[in-house]
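The next block holds one structure in the form of structure tokens; read it before the comments.
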Amino acid sequence: MREMYRFPALVLIGLLAASPGDFAGEQAAYPTKFSPALAARGDVRQALAYVDRQFDAQVEEWIRITEIPGTSGHEQERAEYVKAELVKLDFTPETDEIGNVWVRRKGTGGGPTVVFGAHMDTVHPLDTPLTVRRDADGTLHAPGIFDNTASVANQLQALRAMREAKIETKGDLIFLFTVQEEVGLKGMYHWIETHPGVAEMLVGVDGGLGSVSYGALGIYWSRMKFSAEGAHTNNSRGQPNPVRAAAQCITGIYTVPLPRADDPVPAIYNVGGMLSGGNVVNAIPREVTFTVDLRTVDAELLQQLDAAIVAKCEAAGTEHRVTFVREWIQKSEAGGRPEQLTEQRAHPIVQTAIDVLRFLDVTLPAGREAIPSGSTDANVGVVMKIPAISVGRSRGGDQHTLQEWADIASAKIGAQQLVLLAVALAEPSGS
Ligand SMILES: [Zn+2]
């Protein structure tokens, strides 16, 4: 998953027009760990050349992994494939009880430990046909081809390239293949919590190739459940009715005010994306449920809106004498408003990633090279105050749908980007 809010163009133009000089000056001042000299090192060039030379194999592997089912919570077969490939590279892969797979590439000492994470799971049910179609226009088509199988293949290829070129870094590199990202970043939360203090920087590898994300969109998914005894229509007059409570609550939620649509820090909710209750015409149902999807990067606003929404449901439950319970479907915390993330933006991890992309001739949208939002495994780092970004994998689109597609050639840049980023962030040995 990687959805994020967009700055409305007008607001951005306004910001830029207000102080173009300041903006450019500020940008130039961001520290970076990348330099053209780093990319010109013999070992780095050799690794990039490996990715270039072996690109057909990378694409074949990408297709192969895509055709392995990987529904969240059912990543085992993909994990087995990944583990086997890591063993071929002389690693001893580690796993945990939730299903994450990772390897540690030891550094020579004196550099930071950098964790790269690509999620193995997809949103597609286990019985989804996964045969990949390759079109003449250089695209691949299959559910999960883009999100996030491309990153899984990219990470494997980056490891191969660094091995082939005998690249040594000062810091340790941990390449992590996570599970259950699509259902609340569960694999990454589990890994970070069971490895406290290990990750000094975190790179989520997910999303389209382009802007670098350094924030975290908070996403709360709730199921609102109203229940009562139920009653036959003939006896329904005056009886507690979960339908009326739910209806009142839904109407009530839509009176909870949101920031203006053009606010630079928007918030949004979708109520009743899933809604169910009852199974006969002639009775008050015993239970009615509906979902709420609430999103904003503003942590305080997220709490306020959530509390207001729950209050509407509680009031409706009381008024209609039915039981109300909120069940969590998933809860991903917010990273903060852009002005609360100035330190995060100033951390070299962000500018390094931007410079790597520019070096690889990726055109970044002007003024949106770095985005103070994000919706990937990197959110875990942002929320836990670990320097964290997410970077893309390839170009593509229609993720989370059966029409999902990806541009083949751009995945080469995706893999080369990981090599450059790994060496820059963990620092080349002997430099
Ligand atoms: Zn994803």
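So in the working numbering, spot 121 of the sequence shown is number 175, and the numbers just go up one at a time.
We put the beta carbon where it would ideally sit given N, CA and C, even for glycine.
Candidates the options: closest to residue i by CA position
i: residue 311; options: 155, 300, 323; result: 323
i: residue 442; options: 90, 91, 168; result: 168
i: residue 382; options: 285, 288, 276, 460; result: 276
i: residue 425; options: 394, 186, 455, 193; result: 394
i: residue 229; options: 401, 147, 239; result: 147
i: residue 347; options: 449, 145, 359; result: 359
i: residue 201; options: 183, 192, 217, 177; result: 177
i: residue 184; options: 480, 477, 455; result: 455
i: residue 262; options: 473, 478, 462; result: 462
i: residue 8; options: 294, 290, 289, 274; result: Any question about residue 8 goes unanswered here, given that the chain covers just 55 to 485.
i: residue 374; options: 392, 291, 138; result: 291
i: residue 417; options: 134, 218, 265, 258; result: 265
i: residue 357; options: 256, 90, 274, 239; result: 274
i: residue 102; options: 257, 133, 468; result: 468
i: residue 449; options: 181, 129, 205, 128; result: 205
i: residue 166; options: 123, 363, 112, 255; result: 255
i: residue 391; options: 317, 325, 464, 479; result: 317
i: residue 306; options: 217, 365, 355; result: 365
i: residue 278; options: 386, 361, 163, 432; result: 361
i: residue 299; options: 131, 372, 386, 94; result: 372
i: residue 217; options: 385, 145, 404, 315; result: 145
i: residue 280; options: 182, 370, 95, 90; result: 370
i: residue 423; options: 429, 439, 399; result: 399
i: residue 384; options: 349, 404, 408; result: 349
i: residue 128; options: 191, 396, 181, 440; result: 181
i: residue 380; options: 303, 289, 440; result: 303
Close Cβ partners of residue i (< 6 angstroms) along its chain, the five nearest in sequence each way excluded
i: residue 99; result: none
i: residue 313; result: 320, 321
i: residue 126; result: 175, 234, 236, 237
i: residue 160; result: 226
i: residue 329; result: 344
i: residue 115; result: 207
i: residue 140; result: 147, 157
i: residue 64; result: Note that residue 64 has pLDDT 35, beneath the 50 cutoff, so the model's placement of it is unreliable and the number below is only indicative. Excluding residues within five positions, none has a Cβ falling inside 6 angstroms.
i: residue 353; result: 388, 390
Residues near residue i by beta carbon distance below 8 angstroms, same chain, minus five either side
i: residue 427; result: 58, 59, 267, 269, 270, 271, 351, 389
i: residue 186; result: 117, 120, 121, 194, 195, 196, 199
i: residue 150; result: 244, 245, 248
i: residue 214; result: 104, 108, 143
i: residue 406; result: 86, 87, 88, 475, 478, 479
i: residue 333; result: 339
Supposed contact pair residue j and residue i - C-beta distance, whole angstroms, cut 8 angstroms
i: residue 242; j: residue 434; result: 5 angstroms
i: residue 483; j: residue 223; result: 6 angstroms
i: residue 105; j: residue 211; result: 6 angstroms
i: residue 133; j: residue 231; result: 7 angstroms
i: residue 240; j: residue 152; result: 7 angstroms
i: residue 170; j: residue 259; result: 6 angstroms
i: residue 342; j: residue 326; result: With a Cβ gap of about 11 angstroms, residue 342 and residue 326 do not count as contacting.
i: residue 465; j: residue 447; result: 7 angstroms
i: residue 136; j: residue 113; result: So it is not a contact: roughly 17 angstroms between Cβ atoms.
Proximal residues to residue i (C-beta, below 7 angstroms), its chain only, five neighbours per side dropped
i: residue 471; result: 410, 411, 414, 445
i: residue 67; result: Note that residue 67 scores 35 on pLDDT, short of 50, meaning its location in the model is unreliable; the coordinates nonetheless yield the value given after this. Excluding sequence neighbours, residue 67 sits near nothing in its chain.
i: residue 287; result: 336, 337
i: residue 189; result: 195
i: residue 452; result: 458, 459
i: residue 368; result: 378
i: residue 220; result: 97
i: residue 402; result: 85, 86, 87
i: residue 179; result: 125
i: residue 431; result: 171, 173, 232, 235, 239, 242, 258, 260
i: residue 93; result: 413, 474
Residues sharing a beta bridge with residue i, DSSP
i: residue 195; result: 187, 459
i: residue 279; result: 343, 379
i: residue 401; result: DSSP lists no partner for residue 401.
i: residue 386; result: 273
i: residue 125; result: 176
i: residue 156; result: 148, 230
i: residue 350; result: 272, 321
i: residue 338; result: 285
i: residue 169; result: 228, 256
i: residue 482; result: 223
Interface flag, residue i vs chain B, CB-CB below 8 angstroms
i: residue 463; result: No chain B appears in this structure, which consists of one protein chain only.
Any chance you could list the alpha helix (DSSP H) runs of at least 4 consecutive residues sitting entirely within the region 251-336, in chain order? 296-307
Enumerated in chain order, which unbroken segments of the beta strand (DSSP E) with a length of 3 residues or greater are wholly contained in the region 192-234? 193-195, 227-232
To test your reading of the DSSP string, which unbroken beta strand (DSSP E) runs of 3 or more residues are found completely within the region 400-451? 442-445
If we require 4 or more residues per run, which alpha helix (DSSP H) segments fall completely within the region 84-115? 90-94, 96-107
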